[in-house]
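Each position in the sequence shown, counted from 1, maps to that position plus 99 in our numbering.
Encoded as C-alpha cells, the structure appears first; notes follow it.
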Amino acid sequence: MSDPVSCLAAYAVSEANSRGRRHPEPAPAARGEYQRDRDRVVHSTAFRRLEYKTQVFVNHEGDLFRTRLTHSIEVAQIARTLARAMRLNEDLAEAIALAHDLGHTPFGHAGQDALNACMREHGGFEHNLQSLRIVDLLEERYGGFDGLNLTYETREGILKHCAPKKARELGELGRRFIEGTQPSLEAQLCNLADEIGYNNHDVDDGLRSGLIQVEQLDEAGIWARHAAETRRAYPSIGGRRLIHETVRRMINSLAVDLIEETRRNMTAAGVETIDDVRQAGPLAAFSQAMHAEHTELKQFLRLHLYQHYQVLRMTSKARRIIGDLFDALMEDPRLLPPQYQQMAHADKPRAIADYVAGMTDRYAIREHRRLFAVGEI
Ligand code: MG
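Written out as C-alpha cells, the structure reads:
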C-alpha cells in the first residue's frame, strides 16, 4: 500500500524512501507502513501502561490531571497538525508521537533519575533508549520477532538523543549521533510538539492543582500576552474559561511560529529532499523571540511548579520507592516475576531496570508495599 504520495513534499519521509523494517514483512493490505507502526504502538502493552504513569502529578492525585497517555495523545495531535501543514508524513509523525514516552518509568522524571542512579554502575538508564528497547525487544506480541518491528524512520524518531558510546552499539540507527546528521523533519517536529504539549498542559494542570495562580503566571511573557488578548476579546471572562482560552492561544501561536520558522530555515538551507533534511543542520525551530518566551515559561514552571514543595514531597517519595525496589530485587532476584528472572540470568541489573521501568505508578506503590510492609502479601 503506498502513501498518498501526491500530498507529500519531497522532503517528507515516504514509503518510497523508507529504510524499512529490521525483519522484512509483507506489505500491509489496507494500510500504509507508518499507519501500521502507529497501530502497533497503540496495541502495545507499554502504551496501555501510559494511562497510569505520572506526567507531573501522580496518577491517583486527581482524575483530571494529564497522564503520560493523555500527554502522548496531545503530542500526537500537535505533531499531526505540524506535519499536515508542512506536507510531511502525518502517519509517521503520529507513530513517533504516540511512542515517544513508552520508556518512561513510574513517577515521571523523579523515577527516571532514581533508576538512572541505581543503574550507574550498570550502563545507566535513559527513558529515550528505554522507549527504543521496548519497541525493539521487550514487547512480546509477534511470532516471528521480539518487539514491534517498527520501521527505521519511527525508531529514528523515538531515539531523540543518544550519547556517542551508546550510539556505537546501535549500528545504523546510532550513526547520526556520531556523524552529526539529522533525523527526518517529522522526528524533529515531534520533539518540539512534545515541548509545546507539556509546557502548556503543565500550566493548565498547575493551575488546576492550585500550586500556581493565574496572577503569578503574568511573570511569563507568553502567558501575559495571550491572557491580555483573551481579556480584550472577552472582557468579562474569568476562571477556567480564561485559562483554557489562553492556553489554546499559546499552543496555536507556538505551532504557527514553529511552522513559519522551520520553513524559513529550510529555505535558507536550500532544503528540497529528504536527503537535504538529513544533511542540513537542525531545521525545526521556534523563532528567536518565541524561543525566548517559551524558555521563560519553562523556567517559570521549573521554579513554581516542578520545585513546589508539594511536588518535591511526591518526587522524593517516588525516588525512595524506586531505589528500594531496585535494591531489594538486586539483593534477591528470586523475587522477580518468572519472565524477568529468566532475563536476569543474562543481565540482572538490566532485567530489574526493565521490570521497574515498566511499572505504573500504582503498581510500583503496591509492589513496594508487598515487598516492604509487614503483613502485606
Ligand atoms: Mg513527552
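For glycine and all other residues, C-beta sits at the position ideal for the given N, C-alpha and C.
Practice problem: Would you list the one or two residues that DSSP bridges to T153? | Solution: T166
Quiz item: Is DSSP giving R67 helix, strand or coil here?
Solution: Residue numbering for the chain in the displayed model covers 100 to 476; residue 67 lies beyond these limits and cannot be assessed.
Quiz item: Does DSSP put R137 in a helix, in a strand, or in coil?
Solution: Three-state result, R137: helix.
Practice problem: Check the C-beta distance from Y439 over to A450 and give it rounded, since I have them as a contact under 8 Å. | Solution: 5 Å
Exercise. Determine, using beta-carbon pairs with one atom in the segment 406–420 and one in the segment 335–348, whether at least three such pairs fall under 8 Å.
Key: no
Self-check item: Cβ-heavy atom distance, Y133 to ligand 1, below 7 Å
Solution: no
Quiz item: Is T361 closer than 8 Å to A388 when the C-beta atoms are compared?
Solution: no
Self-check item: H390 beta carbon near ligand 1 (any heavy atom closer than 7 Å)
Solution: Result no, Cβ not under 7 Å from ligand 1.
Quiz item: When the Cα of D423 is compared with those of L316, A213, H170, V140, which residue comes out closest?
Solution: A213
Self-check item: Member of G242, T250, R274, L247 whose CA lies at the smallest distance from the CA of C261
Solution: R274
Practice problem: Please confirm whether any heavy atom of ligand 1 lies closer than 7 Å to the CB of H199. | Solution: yes
Quiz item: When the Cα atoms are used, what is the spatial distance from Q371 to R363?
Solution: The residue asked about is misnamed: residue 371 is Glu in this sequence, not Gln. Rounded to the nearest angstrom, the two C-alpha atoms are 13 Å apart.
Exercise. Could you please give me the residues that DSSP links to T250 through a beta bridge?
Key: R120
Quiz item: Would you call the CB atoms of F206 and I421 closer than 8 Å?
Solution: Result yes, Cβ atoms of F206 and I421 sit closer than 8 Å.
Exercise. Look at I233 and A145 and say whether their C-beta atoms are less than 8 Å apart.
Key: yes
Quiz prompt | Backbone secondary structure at K447 - three-state DSSP | solution = K447 carries a helical assignment under DSSP once its states are collapsed to helix, strand and coil.
Quiz item: Among Q229, L310, T250, V141, which one has its Cα closest to the Cα of L197?
Solution: V141
Self-check item: Test item: CB-CB of V174 and H199 under 8 Å
Solution: yes
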